[in-house]
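This report concerns only the one structure given below.
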Amino acid sequence: MGFCIGTMHVMVCCHHSSYAPHSRIASLQYEEATMDFADVVAKRRMVRNFSERPVDPEAIERILDYARRGPSAGFTQGQDFIVVTQQELKDAIAELCHEKSYVERGFAPFISGAPVLIIPCTTENAYHRRYQQSDKVREDGSEIDWPVPFWFMDVGCAVMLILLGVVDEGLAAGYAGAMDLDMLRELLNIPAEVTPVGVIPIGHPAPDKRSPSLKRGRRDEKEVVHHEGW
143 MGFCIGTMHV
153 MVCCHHSSYA
163 PHSRIASLQY
173 EEATMDFADV
183 VAKRRMVRNF
193 SERPVDPEAI
203 ERILDYARRG
213 PSAGFTQGQD
223 FIVVTQQELK
233 DAIAELCHEK
243 SYVERGFAPF
253 ISGAPVLIIP
263 CTTENAYHRR
273 YQQSDKVRED
283 GSEIDWPVPF
293 WFMDVGCAVM
303 LILLGVVDEG
313 LAAGYAGAMD
323 LDMLRELLNI
333 PAEVTPVGVI
343 PIGHPAPDKR
353 SPSLKRGRRD
363 EKEVVHHEGW
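And the structure:
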């Protein structure tokens with residue numbers, strides 16, 4: 143089953159049709175925000191274990207509504223999102239993400255065990271088509287030379303909105319990369335020109351093993367912020 147939110151297509155793989163378009167943000171008043179933004183940012187982290195408690199479908203609707211409002215070059219909006227709740231599909235996706243290797247290192251099966259998976263996707267050709275239109279081509283009628291692949295930048299913005307929206311909803315999320323994109327495309331009927339960039343497991347958090355990478359610590363602000371040049 144699929145549906146559209148704005149100009150973005152969302153494919154939902156679940157046993158019911160509860161995950162439907164939501165337009166809460168259009169009329170959202172600032173005082174209605176459920177959590178201070180600074181708290182949302184501070185509380186965001188990658189979680190690798192979830193309880194069996196169901197996730198409210200309306201929360202997923204709101205999170206997807208946040209995601210589609212991220213910036214995009216030329217307002218191309220070349221991102222799509224696949225929502226998966228069927229256990230058989232979750233198990234297959236977990237296998238493509240090598241979940242077993244996480245479990246062998248002491249982590250919970252956080253992909254197959256999550257109530258909801260969101261697979262964010264981006265389409266490079268959508269940007270080329272957009273920048274071949276009359277208001278975007280150069281004076282000689284040619285497409286711009288892309289300095290960076292903005293289709294990946296834009297989907298990254300959408301992913302961060304999902305991760306922050308998850309926290310604002312009182313939920314938790316992780317992230318995993320699929321090692322075989324062609325297999326993932328085949329599994330979820332994703333068009334060849336569309337690139338799935340990862341898998342976001344979502345659910346209510348449960349006690350989890352922290353990543354050993356956290357021992358690196360966060361880089362100090364003075365180390366990463368450069369004023370008036372490097």
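Sequence positions in the sequence shown follow our numbering and run 143 to 372. Backbone N, C-alpha and C define an ideal beta-carbon position, used for all residues, glycine too.
In the DSSP output, which residue or residues are listed as bridge partners for residue i?
| i | result |
| --- | --- |
| Leu259 | Val226, Pro343 |
| Pro213 | Answer by DSSP bridge pairing: none, since Pro213 is not bridged. |
| Ala315 | Met188, Ile344 |
| Pro338 | Cys263 |
| Gln221 | Thr264 |
Which residues in the same chain as residue i place their Cβ atom closer than 7 Å to its Cβ, once the five residues preceding and following it in sequence are excluded?
| i | result |
| --- | --- |
| Glu335 | Thr265, Asn267 |
| Lys278 | Gly216, Arg272 |
| Gly212 | Asp296, Cys299, Ala300, Leu303 |
In angstroms, rounded to a whole number, what distance separates the CA positions of residue i and residue j?
| i | j | result |
| --- | --- | --- |
| Trp288 | Gly298 | 17 Å |
| Arg358 | Ala184 | 18 Å |
| Arg195 | Asp282 | 58 Å |
| Gly220 | Ser214 | 8 Å |
| Arg187 | Val301 | 13 Å |
| Glu363 | Asp181 | 18 Å |
| Ala318 | Trp372 | 32 Å |
| Phe294 | Leu305 | 16 Å |
| Leu231 | Arg272 | 33 Å |
| Phe192 | Leu323 | 25 Å |
| Met177 | Arg280 | 44 Å |
| Leu303 | Glu246 | 31 Å |
| His346 | His270 | 39 Å |
| Asp233 | Gln274 | 41 Å |
| Val309 | Glu370 | 34 Å |
| Ser254 | Arg360 | 29 Å |
Under 6 Å Cβ to Cβ from residue i, same chain only, skipping five residues before and after it: list those, please.
| i | result |
| --- | --- |
| Lys351 | Gly248, Phe249 |
| Phe292 | Ala215 |
| Ala348 | Asn191, Phe192, Ser193 |
| Thr218 | Ala268, Tyr269, Arg272 |
Considering only the beta carbon of each residue, do residue i and residue j sit closer than 9 Å?
| i | j | result |
| --- | --- | --- |
| Leu259 | Ile344 | yes |
| Ile98 | Ile235 | This structure gives no information on residue 98, because the portion of the chain shown stretches from 143 to 372. |
| Ala315 | Ile286 | no |
| Glu241 | Phe252 | yes |
| Arg204 | Glu311 | yes |
| Gly307 | Tyr244 | no |
| Val197 | Leu330 | no |
Within the same chain, show all residues whose beta-carbon is closer than 8 Å to that of residue i, passing over the 5 residues directly before and after it, in chain order.
| i | result |
| --- | --- |
| Arg327 | Pro333, Ala334, Val336, Pro338 |
| Leu356 | none |
| Cys263 | Gln221, Asp222, Phe223, Ile224, Val297, Ile332, Val336, Thr337, Pro338, Val339 |
| Ser353 | Met188, Arg190 |
| Ala256 | Phe192, Lys232, Gly316, Pro343, Ile344, Gly345 |
Quiz prompt | alpha helix (DSSP H) runs wholly inside the region 343 to 372, at least 4 long, in chain order | solution = For the region 343 to 372, whole alpha helix (DSSP H) runs of length 4 or above, ordered along the chain, are 363 to 366.
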